[in-house]
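Below is one structure, written out as structure tokens; comments come after it.
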Amino acid sequence: MNQLKKPVIVAFTIITCLFSFSSCKKDSNNNSVDTDDPASADPTLTLVWSDEFNGSTIDTTKWNFEVNGDGGGNGEAQYYTARSTNAAIKDGKLVITARKENYSGKSYTSARLTTQNKAAYTYGRVEARIQLPTGRGMWPAFWMLSAKTPLEWPHDGEIDIMEAVGYRPDTTFSNIHCTAVGYGDLLPVPDYGRTYHVYATDWTADSLKFYVDDRLIVSYANAHLADATAAYNQWPFNHNFFMILNVAVGGAWGGINGIDDTIFPQAMSVDWVRVYQRK
């Protein structure tokens, strides 16, 4: 999910934790094990940032709303708003809703939230538990961009932890983008619109590994080239990146087979977002 994105297509239980009749969610001050989150049981990881969406409103100390109708640089059809009809906290979840409506010259609305200038990290395990929207024309994503200013894309890198396109209703994608390569893979996730899955990247100085429910999808290795310029062209993933959650409508990838106007509204529901780092 990038500026001027081109799709990368390559050879690509729920256990409810009950306590006082509420789901067991953790925050940055609680190191309890969450049975939905394999990383929470890893003794080598420390939780350094999270949003559990337990409040009544979106925490704007953690998230920014992008408000624009520029199509995300991908020719997308939506206008991103900061309205509660497009992004809100409901039942302990962040719900981003794409709607079919005329708004500021666009025929659809949705939301895109970022942690730019509020939370950015180098290395760690970055993950979110998400139930995805479905239907032709949907293009939800959980991804990261370089925190460098000014950003040079794709030179400074992009990490796509999860993307899905509605015309492939049984598949999620994980990709990276940099000057030298666009690289990724896919995984069949036939129930992504009916239940939650944990989408994650394990990011070190040596590699980026992508997972769905702790199942490895693909790994991209740092070649550790001696030539600094060549090394950065292939591995610009050595500095801070910030997180992005959005639901796009149509666009260069999501809209390849058009948009089905009978499916709206469609929502992406996010149970939590967490960042761990190695001890």
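Per mature numbering (1 follows the signal peptide of the UniProt record, and there is no 0), the sequence shown runs over residues -22 to -1, 1 to 257. Glycine is no exception: its CB is placed at the ideal position from the N, C-alpha and C atoms. It should be emphasised that the depicted structure is a prediction, and the values quoted were computed from it without experimental measurement.
Member of the options whose CA lies at the smallest distance from the CA of residue i
| i | options | result |
| --- | --- | --- |
| Thr87 | Asp205, Arg77, Trp181 | Arg77 |
| residue 258 | Val248, Arg252, Val253 | Only positions -22 to 257 of the chain appear in the structure, and residue 258 is not among them; the question remains open. |
| Asp134 | Met221, Pro16, Thr39, Asn216 | Asn216 |
| Tyr161 | Thr149, Ala183, Ser197 | Ser197 |
| Thr13 | Pro168, Val176, Thr149, Trp117 | Val176 |
| Ser82 | Ser62, Thr63, Asp48 | Asp48 |
| Thr59 | Leu129, Ser18, Ser85 | Ser85 |
| Ile241 | Thr127, Val11, Glu79 | Glu79 |
For residue j and residue i, the rounded distance between their alpha carbons
| i | j | result |
| --- | --- | --- |
| Asp20 | Ala209 | 31 Å |
| Leu23 | Gly144 | 34 Å |
| Ser28 | Gly228 | 30 Å |
| Ile108 | Pro147 | 15 Å |
| Thr112 | Thr92 | 22 Å |
| Gln255 | Thr100 | 9 Å |
| Gly236 | Leu165 | 23 Å |
| Ser6 | Gly33 | Since pLDDT at Ser6 reaches only 44, below the 50 mark, its modelled position is unreliable, and the value read off the structure follows with that caveat. Approximately 15 Å between the Cα atoms of the pair. |
| Asn200 | Gly102 | 15 Å |
Alpha helix (DSSP H) segment containing residue i, residue limits
| i | result |
| --- | --- |
| Thr112 | Neither: Thr112 is in no alpha helix (DSSP H) and is coded neither H nor E. |
Counterpart residues of residue i in DSSP-defined beta bridges
| i | result |
| --- | --- |
| Val73 | Ala66, Ser247 |
| Arg61 | BP columns for Arg61 are empty, so no partner. |
| Leu91 | Phe43, Leu223 |
| Pro118 | Val225 |
Interface flag, residue i vs chain B, CB-CB below 7 Å
| i | result |
| --- | --- |
| Met140 | Absent from the structure: chain B. Only one protein chain is present. |
N- and C-terminal bounds of the beta strand (DSSP E) containing residue i
| i | result |
| --- | --- |
| Glu141 | 136 to 141 |
| Asp15 | Asp15 -> no beta strand (DSSP E), and no H or E assigned at all. |
| Asp29 | 23 to 29 |
| Lys84 | 84 to 88 |
| Ala199 | 193 to 199 |
What beta strand (DSSP E) runs, 3 residues minimum, are completely inside the region 156 to 189? 160 to 166, 175 to 181
So within the region 206 to 234, which uninterrupted beta strand (DSSP E) runs reach at least 3 residues, ignoring any that extend past its ends? 219 to 227
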